[in-house]
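According to the working numbering, the stretch in the sequence shown is residues 1 to 108, in order.
All C-beta atoms, glycine included, are put in the ideal place defined by N, C-alpha and C.
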Amino acid sequence: MNLESSPAREELIDLVRSQDDTAGHHVLWVDVDANVHISKVPDDLTPVGFQKSRPEMKLRLETFQCGNGYVGPTAAADDELIDQLFNALTRLWPDAKKAVGVEYHDQF
Numbered sequence: 001m002n003l004e005s006s007p008a009r010e011e012l013i014d015l016v017r018s019q020d021d022t023a024g025h026h027v028l029w030v031d032v033d034a035n036v037h038i039s040k041v042p043d044d045l046t047p048v049g050f051q052k053s054r055p056e057m058k059l060r061l062e063t064f065q066c067g068n069g070y071v072g073p074t075a076a077a078d079d080e081l082i083d084q085l086f087n088a089l090t091r092l093w094p095d096a097k098k099a100v101g102v103e104y105h106d107q108f
């Protein structure tokens with residue numbers, strides 16, 4: 001999913017569905033090229049440490065804590081969650097891409 005190339009809600013659904021909520025904490029983030037990612041935070045890093053390890057990161061949302069249902073097939077089927085995430089990404093990206101450093105948003 002790329003926020004500069006006609007992003008589609010269905011792309012976000014596929015991205016969310018591809019993750020395992022029980023595998024660990026996850027971060028939804030956007031790189032400098034406007035590509036949206038969901039990454040599992042490695043066990044040896046905090047979410048902030050993960051952010052620091054990704055110099056290409058421009059925007060990230062609140063960390064999705066393991067087991068809270070923000071990723072995986074069940075989350076992908078939650079229309080309200082998908083709408084919130086999609087709207088947050090498309091609303092926040094225009095300012096984030098111009099910002100210096102990473103924009104972090106803990107509410108979406």
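Note on geometry: alpha-carbon atoms of HIS25 and VAL16 lie some 13 Å from one another.
Looking from the CA of GLU103, the closest CA among GLU10, GLN65 and ARG54 belongs to ARG54. Collapsing the DSSP output to three states places ARG54 in coil. For ARG9, same chain residues with a beta-carbon under 8 Å away, outside a window of 5 residues either side, are ILE82, ASP83 and PHE86 in chain order. Beta-carbon to beta-carbon, GLY72 and ASP21 are separated by about 4 Å, close enough to satisfy the 8 Å threshold. Taking one beta carbon from each stretch, the segment 87–98 and the segment 41–54 have fewer than 3 pairs nearer than 8 Å; the two do not touch.
Inclusion of PHE64 and LEU28 in the CB contact set at 8 Å is warranted, their separation being smaller than that value. Shown here, ASN68 sits in coil according to DSSP, grouped into three states, outside any helix or strand.
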